[in-house]
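Accompanying notes for the structure given below.
Numbering (the numbering used here), first residue to last: 3 to 221.
Below, the structure written as structure tokens:
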């Protein structure tokens, strides 16, 4: 929070992975520096169920709706008000109870996602997701969340940034879901890049030297 304030941010959205445990500390720090906090949570959602339903209407004659096993997208929910905050917390509890301790399970599409209607919803889609499948997913989500749905776009100084932005612009136009810029911020200082690499390695259960492209290319 202090770093964001120092950089001139007027507000900052925080979304931990299926958790709001850090929000109390974030709220206190935000009050100290006068920064508006947008509290929320993020969820990694497997694509298998998504493509089976949302992708059913996508053109697949050439096999373009195939997505590698294990692929997923990220759903970010930012609560509008106290009622939405309560619904988000209930959603997190359900997701945690649906999986072994230390894990969570969110399926898509799922009737339980309707509990997040009081939240601003951001969809962060994987770069490799085919346009047809992404479009179908966004159309289904728009029917559930309406004007509260956004499609994220980030510029991470990668060689394929321009191509990915063009693809997202197409999806946005076809599905009627507006784009919103996000930073995908994972660290507050460049010097924390080694720590971020270690956290990635721990998450993947392998040495840093074997993480390859899973590591962030830039700080």
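By construction, the Cβ of each residue, glycine as well, lies at the ideal position given by its N, Cα and C atoms.
Same chain, Cβ closer than 7 Å to residue i, neighbours up to 5 away in sequence not counted
i	result
residue 159	220
residue 166	129
6 Å Cβ shell around residue i - same chain, five flanking residues per side excluded
i	result
residue 126	76, 154
residue 147	123
residue 45	20, 77, 108
Beta-carbon proximity of residue i to residue j, cut-off 9 Å
i	j	result
residue 273	residue 79	Outside the shown range of the chain (3 to 221) lies residue 273, about which nothing can therefore be said.
residue 39	residue 14	yes
residue 156	residue 194	no
residue 143	residue 179	yes
residue 27	residue 191	no
residue 1	residue 93	Outside the displayed range of the chain (3 to 221) lies residue 1, so it cannot be described from this structure.
residue 37	residue 11	yes
residue 82	residue 114	no
Residue burial classification, residue i (beta-carbon count within 10 angstroms, cutoff 16)
i	result
residue 91	exposed
residue 88	exposed
residue 136	buried
residue 225	There is no way to answer for residue 225, as the model of the chain reaches only from 3 to 221.
residue 138	buried
residue 134	buried
residue 97	buried
residue 35	exposed
residue 214	exposed
residue 164	exposed
Same chain only: Cβ atoms within 8 Å of residue i, ignoring 5 sequence neighbours per side
i	result
residue 24	16, 18
residue 47	74, 75, 76, 77, 108, 109, 110
residue 181	152, 153, 154, 155, 170, 171, 174
Three-state secondary structure assigned by DSSP to residue i
i	result
residue 18	strand
residue 9	coil
residue 162	coil
residue 202	helix
residue 207	coil
residue 42	strand
residue 182	strand
residue 213	coil
residue 97	helix
residue 28	helix
residue 81	strand
Which residues DSSP lists as bridging residue i, in chain order
i	result
residue 222	Nothing about residue 222 can be reported from this structure: the residues present for the chain run from 3 to 221 only.
residue 126	76
residue 155	183
residue 121	81
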